[in-house]
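Colleague: Residues in the sequence shown are numbered consecutively from 68, following my numbering.
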Amino acid sequence: RVGGIVGKMAKSIPFRKMYGLGNDFIVLDARKDPSISTASEPKRATRLTDRKYGIGCDQLIILEAKEGATCGMRIINADGSEVGACGNATRCIGGLLFEEDAGASEVTIRTQAGLLRCTKGSGADIISVNMGLPGLNWDQVPVASECDTLHCKGSVEGGGLTDCACCSMGNPHATFFVDDCEKVPLSEAGHDLEYHKFFPERCNVSAVTVSKDKKSIRMRVWERGTGITEACGTGACATLVNAVRRGYIGKEQNYTAEVVMDGGSLTITYAPPGSGADREGMVIMSGAYSTAFSGEIPPALWG
Numbered sequence: 068r069v070g071g072i073v074g075k076m077a078k079s080i081p082f083r084k085m086y087g088l089g090n091d092f093i094v095l096d097a098r099k100d101p102s103i104s105t106a107s108e109p110k111r112a113t114r115l116t117d118r119k120y121g122i123g124c125d126q127l128i129i130l131e132a133k134e135g136a137t138c139g140m141r142i143i144n145a146d147g148s149e150v151g152a153c154g155n156a157t158r159c160i161g162g163l164l165f166e167e168d169a170g171a172s173e174v175t176i177r178t179q180a181g182l183l184r185c186t187k188g189s190g191a192d193i194i195s196v197n198m199g200l201p202g203l204n205w206d207q208v209p210v211a212s213e214c215d216t217l218h219c220k221g222s223v224e225g226g227g228l229t230d231c232a233c234c235s236m237g238n239p240h241a242t243f244f245v246d247d248c249e250k251v252p253l254s255e256a257g258h259d260l261e262y263h264k265f266f267p268e269r270c271n272v273s274a275v276t277v278s279k280d281k282k283s284i285r286m287r288v289w290e291r292g293t294g295i296t297e298a299c300g301t302g303a304c305a306t307l308v309n310a311v312r313r314g315y316i317g318k319e320q321n322y323t324a325e326v327v328m329d330g331g332s333l334t335i336t337y338a339p340p341g342s343g344a345d346r347e348g349m350v351i352m353s354g355a356y357s358t359a360f361s362g363e364i365p366p367a368l369w370g
């Protein structure tokens with residue numbers, strides 16, 4: 068035990084720095100060396116993700132061998148907490164797996180939230196992910212008490228934000244529809260909303276504005292355990308799901324919209340149950356992924 072962390076390394080550890088729309092990740096591969104999974108220790112994770120004293124990223128991603136899947140994926144926030152889902156990371160890892168097996172038509176990734184299926188998109192760097200079914204019931208999000216998750220007005224508010232719609236995409240999301248999300252003081256309100264007693268597992272918070280032509284949605288996001296980020300894949304999925312539920316996006320738009328974030332855009336589709344559309348009930352996310360660089364973590368930084 069060194070500095071309160073188990074598993075001191077005597078060798079350098081390879082890593083890859085990846086990002087999806089500015090949401091950036093340190094990717095560690097523990098499929099052949101399970102000891103690398105000790106990166107999930109909170110003190111080690113926070114040191115690696117620190118942008119001043121470590122490598123720096125929004126989240127640490129650990130790949131593990133998993134039966135019944137191409138690989139497993141663990142997601143560690145910059146504050147050391149572990150979460151069940153991350154859409155941007157899923158696209159990045161899907162892209163990495165296709166790089167390893169260029170002939171594959173599909174790769175599967177096992178997360179805490181379930182098995183996610185990835186396919187190649189229309190461009191070389193585009194990955195589509197079937198994110199599965201959203202959790203719409205109050206106890207699936209979860210929220211603190213039974214309610215209609217489509218309108219949580221009076222249950223949680225802050226920074227001028229009221230009447231959120233909530234759902235789970237493997238992690239809890241609160242979507243606030245406003246006339247102009249650019250005016251929302253998210254950097255001030257985000258923390259208090261994340262830790263509001265209405266959300267027993269805390270929450271990701273998005274302020275969004277649907278365009279007049281209903282073809283796009285502008286979204287700004289505060290991520291649980293990280294703060295304001297350039298983009299959030301599961302947040303974009305939750306935003307589209309809640310927009311469809313509220314009737315802002317519908318059949319005329321093929322239940323699809325471009326969700327525009329600070330770091331770029333994702334195309335999201337959610338055809339609700341009973342719509343008769345292809346893959347109804349499922350959330351489909353498509354967007355780009357990138358590798359910034361690769362390197363090695365020295366033993367001194369690992370600890």
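We put the beta carbon where it would ideally sit given N, CA and C, even for glycine.
None of these values were measured; they are calculated from a predicted model.
(1) State buried or exposed for Ala359, treating a residue as buried only when at least 16 other CB atoms are found within 10 Å of its CB.
(2) Excluding the 5 residues flanking Leu95 on each side, which residues of the same chain have their C-beta closer than 6 Å to its C-beta?
(3) What distance in whole Å lies between the Cβ atoms of Pro201 and Val350, which are believed to be in contact at a cut-off of 8 Å?
(4) Leu88 by DSSP, collapsed to three states: which one?
(5) Helix, strand or coil for Glu325 per DSSP?
(6) What's the call for Ala97, buried or exposed, on a 16-neighbour Cβ count within 10 Å?
(7) Can you tell which of Gly292, Ala232, Thr293, Arg313 has the C-alpha that lies nearest to the C-alpha of Ala274?
(8) Give the single residue among Tyr356, Glu297, Ser357, Tyr337 whose Cα lies nearest to the Cα of Met328.
(9) Does His240 come out as helix, strand or coil in the three-state DSSP assignment?
(10) Just reading off the beta strand (DSSP E) that Glu363 is part of, what are its end residues?
(11) Give the list of continuous beta strand (DSSP E) stretches no shorter than 3 residues that lie fully inside the segment 209 to 287.
(12) Could you have a look at Cys159 and say whether DSSP puts it in helix, strand or coil?
(13) Once DSSP output is grouped into helix, strand and coil, what is the label at Cys304?
(14) Assuming Ile194 and Gly161 are in contact, meaning their beta carbons sit under 8 Å apart, how far apart are those beta carbons, in whole angstroms?
(15) Kindly indicate which three-state DSSP category Gln320 falls into: helix, strand or coil?
(16) With DSSP as the reference, label Asn197 as helix, strand or coil.
Modeller: Once the coordinates are examined:
(1) Here the question's residue 359 lines up with position 292 in the sequence shown. Flag for Ala359 reads exposed.
(2) As a first step, residue 95 is located in the sequence shown; it is residue number 28 there, counting from the start. So the list reads Phe82, Ile103, Ala106, Ile129, once near-sequence residues are dropped.
(3) Within the sequence shown, numbered from 1, the residue matching residue 350 stands at position 283. Within the sequence shown, numbered from 1, the residue matching residue 201 stands at position 134. Contact holds; Cβ gap of about 6 Å.
(4) For the purposes of this step, residue 88 is identified with residue 21 of the sequence shown, where counting begins at 1. Coil, per DSSP.
(5) The residue you call residue 325 lines up with position 258 of the sequence shown. Residue state, collapsed to three classes: strand.
(6) Here residue 97 refers to the residue found at position 30 of the sequence shown. Ala97 should be labelled buried.
(7) By 1-based counting over the sequence shown, the position of residue 274 is 207. Closest option to Ala274, Cα to Cα, is Ala232.
(8) Reading the sequence shown from its first residue, position 261 is the one you call residue 328. Checked all of Tyr356, Glu297, Ser357, Tyr337; the closest Cα to Met328 is Glu297.
(9) Translated into the one-based positions of the sequence shown, residue 240 becomes position 173. His240: strand per DSSP, three-state reduction.
(10) Indexing the sequence shown from 1 puts residue 363 at position 296. It spans 357 to 364 - the beta strand (DSSP E) in which Glu363 sits, taken as one unbroken run.
(11) 232 to 235, 239 to 244, 271 to 277
(12) Against the sequence shown, residue 159 aligns to sequence position 92. Cys159: helix per DSSP, three-state reduction.
(13) Against the sequence shown, residue 304 aligns to sequence position 237. Three-state DSSP puts Cys304 in a helix.
(14) Along the sequence shown, read from residue 1 onward, the residue named residue 194 stands at position 127. Along the sequence shown, read from residue 1 onward, the residue named residue 161 stands at position 94. So it is a contact: roughly 4 Å between Cβ atoms.
(15) Stepping through the sequence shown from its first residue, residue 320 is reached at position 253. Helix at Gln320.
(16) Numbered from 1 along the sequence shown, position 130 holds the residue referred to as residue 197. In this structure, Asn197 counts as strand in the three-state DSSP scheme.
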